[in-house]
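Trainee:
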Amino acid sequence: MKKSIFKTIILISALALAAAPVFSQTKKKTQSKKTQPAETESTQSYWDGAPAVLKETPFKFEGGTGTLKDPYLIKTAEQLNSVRFGLSKHYKLIADIDLSNWGNWIPLGGTPAYGGAWIKKYPQAADAGCGEFTGSFDGNGHVISGMTIIDHNDDIFMGEAEATRAYALFGAIFPENNSFIRNLGVVNYTIDISHTKMKYNCDLRVAAISNYAAGVIVENCYTSGGKIKVHTGRAGKQTSRAYVMAGGMFTEIEDSKIINCYNASPIIITTSDTDYMNYNYTTTTRQLGDLRSARAGGIVMQMMYTHITGCMNAGEVTVPYANFGYGNSLAGGIVGKVVRLGQQFIEDLSPEMASTITSCYNIGKITGTYATGILGFTNTDCYISDCYNVGKLVLDEDNPQKDYIPTYKDDIIVQGCPILEYGKKYVHDNGIKVVHGSRWIDSPKLGRKILKAIPEDKLGIKPSEPEEATQIAGFTDVMSSDDFARSAPWAVEKGIAKPSSKTTFSPNEPCTRGQVVTYIYRWQGSPKVSGKNPFKDVKPSDSFYNAALWAYQKGFLEGKTFNGNAPCTRGDALEILWKCSGSMSMIAIDNFTDVPRSSKYQQPVSWAYYCAIAKPTTKTTFEPESVCTKGQIVTFIYQVEHTGVKDWMDTTQKNSNPKSSKKNAKSDSSQTDNALTDEDLDALLENARKQAEMLLNGNQF
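Under this note's numbering, think of the first position of the sequence shown as 721, with each following residue one higher.
#1: Determine, using beta carbons only, whether I817 and T796 come nearer to each other than 9 Å.
#2: Which residues in the same chain have their Cβ closer than 8 Å to the Cβ of G1251, if we skip the five residues on either side of it in sequence?
#3: Helix, strand or coil: which one does DSSP assign to G1234?
#4: Just the C-alpha distance for V742 and K1248, rounded to the nearest angstrom, thanks.
#5: For the alpha helix (DSSP H) containing R1159, name the first residue and the last one.
#6: List the endpoints of the continuous beta strand (DSSP E) containing I1083.
#7: Please classify T785: does DSSP put it in a helix, a strand, or coil?
#8: By how many angstroms is the C-alpha of G1088 removed from the C-alpha of G1017?
#9: Among I864, S1079 and P895, whose alpha-carbon lies nearest the alpha-carbon of A815?
#10: In the DSSP assignment, the alpha helix (DSSP H) including C1300 goes from what residue to what residue?
#11: Just tell me which of K919, A934, D875 and D923 has its CA closest to the CA of I893.
#12: Assign V938 to one of three DSSP states: helix, strand, or coil.
#13: Could you tell me if G1167 is buried or exposed, where buried requires 16 or more neighbouring beta carbons within 10 angstroms of its beta carbon?
#14: Measuring only the C-alpha atoms, how far is E1036 from P1254?
#15: Any chance you could list the alpha helix (DSSP H) runs of at least 4 consecutive residues sitting entirely within the region 1262-1347, in chain order?
#16: What are the residues that DSSP puts in a beta bridge with G1088?
#17: On a CA-only basis, which of V1354, S1105, T916 and K1339 is nearest V1198? Give me that one, please.
#18: Straight-line CA distance for D1262 to S1246?
#19: Would you tell me roughly how many angstroms separate the C-alpha atoms of I1357 and S1318, rounded to the nearest one?
#20: For K1256, which residues of its own chain have a beta-carbon under 8 Å away from its beta-carbon, when the five flanking residues on both sides are left out?
#21: Is the separation between the beta-carbon of M1023 and that of S1075 shorter than 9 Å?
#22: If I measure Cβ to Cβ from E1345 and keep anything under 6 Å in the same chain, skipping five residues before and after, which residues do I get?
#23: Short check: CB of G1052 to CB of T991, under 9 Å?
#24: For I1077 and T1038, which I take to be in contact (beta-carbon distance under 8 Å), what is that distance rounded to the nearest angstrom?
#25: Closest to V1114 by C-alpha separation, out of C1102, D1101 and Y1128, would be which residue?
#26: Using DSSP bridges, identify the partner residues of N1109.
#27: Can you name, in chain order, every residue of its own chain whose Cβ lies under 7 Å from the Cβ of N908, other than the five neighbours on each side?
#28: Pick out whichever of I937, V1055, S1158 and S1200 has its Cα sitting closest to the Cα of T971.
#29: Among C1231, G1291, C1031 and C1331, which has the Cα closest to the Cα of N1285?
#30: What are the residues that DSSP puts in a beta bridge with L828?
#31: Provide the residue span of the alpha helix (DSSP H) that contains L1171, from first to last.
#32: Taking 9 Å as the cut-off, decide whether the C-beta atoms of D875 and H810 are in contact.
#33: How would you label D1116, buried or exposed, when you count the other beta carbons within 10 angstroms and need 16 or more for buried?
#34: Roughly how many angstroms lie between the CA atoms of K780 and F805, to the nearest whole one?
#35: Could you please give the first and the last residue of the uninterrupted alpha helix (DSSP H) stretch that includes N801?
#36: Pick helix, strand or coil for I1216, following the three-state DSSP scheme.
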């Protein structure tokens, strides 16, 4: 019994890993030093071969004294560049700034190596204008256009064992009290980073406005008409690490407010690597390969104790690869991830003390292993309210480890986030009619509510165009948008199910018991059978004869009648699959009104739900008594094949008595509960159950 429970823990815990936080060490604020222009040739020569050359410009402006009340006035690109030589001052644009002829831009506060504002290990860094920006910047309704940051090299410049590279308008912003970034547009920019033979461990951090910010008020800013592209690859068999973090406006931000801002530029992250960190389910150890991580958010990639209000994303966000745990491929329409200082956990903080996302929406196309309209993931306090998504959500299908790494999408937030279990961490359902308040106005043109401060219909901002569903494998009744889009052609290819004709699969056709058992029998390789026929109503001429005998001999069927031509229910189909997979004992599930603990389907449904084999029909019903369709049964089988359950099926069946499944399948939930006598084991399983439950809650097959 302990052995069966242990296998159950491995499976559910594997699903629960999707909700496990990937810790991030937030950079501490450091005191900014006032820097002066570079004056020696040695400084310039030190950076020979860097992606950009530091341009020395005089610290002169159109007017002002650099105070908060009397900021320096900026009219030219040269004057904008001079901000790096007075990082504690205050600035205001009095004209649009064109950087299209400037060449590669060095982030204000960053080095020619793009080493980031807080990286000052080189003596020349201070002379190169390296440091945090601690002043304020008022765009005054103007734009900075044509910013170009292109870094295409085999590996990072001045690589070292652990490196950070930052790409943005600013390196890092740490304003003093009452400071701000406001009324600024960053448009028609290009940030294009490509390192295809990386051998150094590196964090690549990309955003349009700033790589990092803390204690800042960002208001009435936008990024539009630009693009962020990042591509990584390894050098031979190097086991280097590359973490990509990209935000439409900011990479990381903490203790700040972002108000009435929007992004309308795409973020595209790709990789040429094909090996990933795999999770070995049978030994619960990780096999190290190249470490790759990619996270992105339309407004912010990662935030802590920050409030985002009245913001919108229209830019495409694509994060197409994942490894090093399930949460390392995050694509969020507004925010990629919410974290807290130190170890992450729910503190029951008030909205004022926690992070909040209020009155925001996404219309951009979001692609990833986790793809969400508002927030990719959080494992700490975050309040989300009055938000909606109409952007297309696409799950990454190119991941070579997709058989082991679950994919999730949701309009608001990934269902595995622990905050969903806490009443005060409210998250409203997606829907145009849900949002309300003075920030919203109706748009007859778009047929939905939009933000008053961002008149989408008047600004000409266009949402991602939903892709039209296409036919799959030549079947007119299998479309790319269907739940069985992958399972139907797979079942035909494997010889599990036959199409109804050359152009139809008939996925909605009700299945008989004989058909369901036959599909499972074929999936298992159609093994030879012999022996006495136990069924009175099964003849050798029946198409399901061998399948029925095989299932009986394996202990998946019982009794003297089979009723092979009778309709097969969803519950019966799952029960057979459950037994075929080893009759794993599961914590009883109480989510569904039509699957009480006394139901004979309690264990099979709990297994199917926790292990992502089948989804509920609604949040409170599973419909185990409804007839199973052809599309559903091939999808159930496909999920068993592709979720890791099959990895141990042979071992499970070898080490168990087929006839003992009747004893293991008792619907009395006390059997499972009482088997967990060790408190630590019980707590582990219960926690994993909750995590898996949240991951799967609300989805449907």
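Note that the Cβ used here is the ideal one computed from N, Cα and C, for glycine as well.
Mentor: A quick look at the data gives this:
#1: A contact, by the Cβ cut-off of 9 Å.
#2: L1269 and Q1273
#3: Helix at G1234.
#4: The predicted model places V742 with a pLDDT of 30, which falls under 50 and marks its position as unreliable, so this point remains unresolved.
#5: Premise fails: R1159 is in no alpha helix (DSSP H) and is neither H nor E.
#6: Per DSSP, I1083 belongs to no beta strand (DSSP E) and is neither H nor E.
#7: coil
#8: Answer to the nearest angstrom: the Cα atoms are 11 Å apart.
#9: I864
#10: R1290 to C1300
#11: A934
#12: strand
#13: G1167 is classed as exposed because its beta carbon has fewer than 16 other beta carbons within 10 Å across all chains shown.
#14: Straight-line Cα distance between these residues: approximately 59 Å.
#15: 1265-1273, 1290-1300 and 1322-1330
#16: L1115
#17: V1354
#18: 15 Å
#19: 26 Å
#20: K1280 and T1281
#21: yes
#22: T1289
#23: no
#24: Going by Cβ atoms, the distance from I1077 to T1038 rounds to 21 Å, so no, they are not a contact pair.
#25: It is Y1128.
#26: N1082
#27: Around N908: S865, G866, G945 and G946.
#28: V1055
#29: C1231
#30: F890
#31: L1171 -> not in any alpha helix (DSSP H); beta strand (DSSP E) instead, spanning R1168 to L1171.
#32: Contact: no.
#33: buried
#34: Cα-Cα distance, rounded: 10 Å.
#35: A797 to N801
#36: coil
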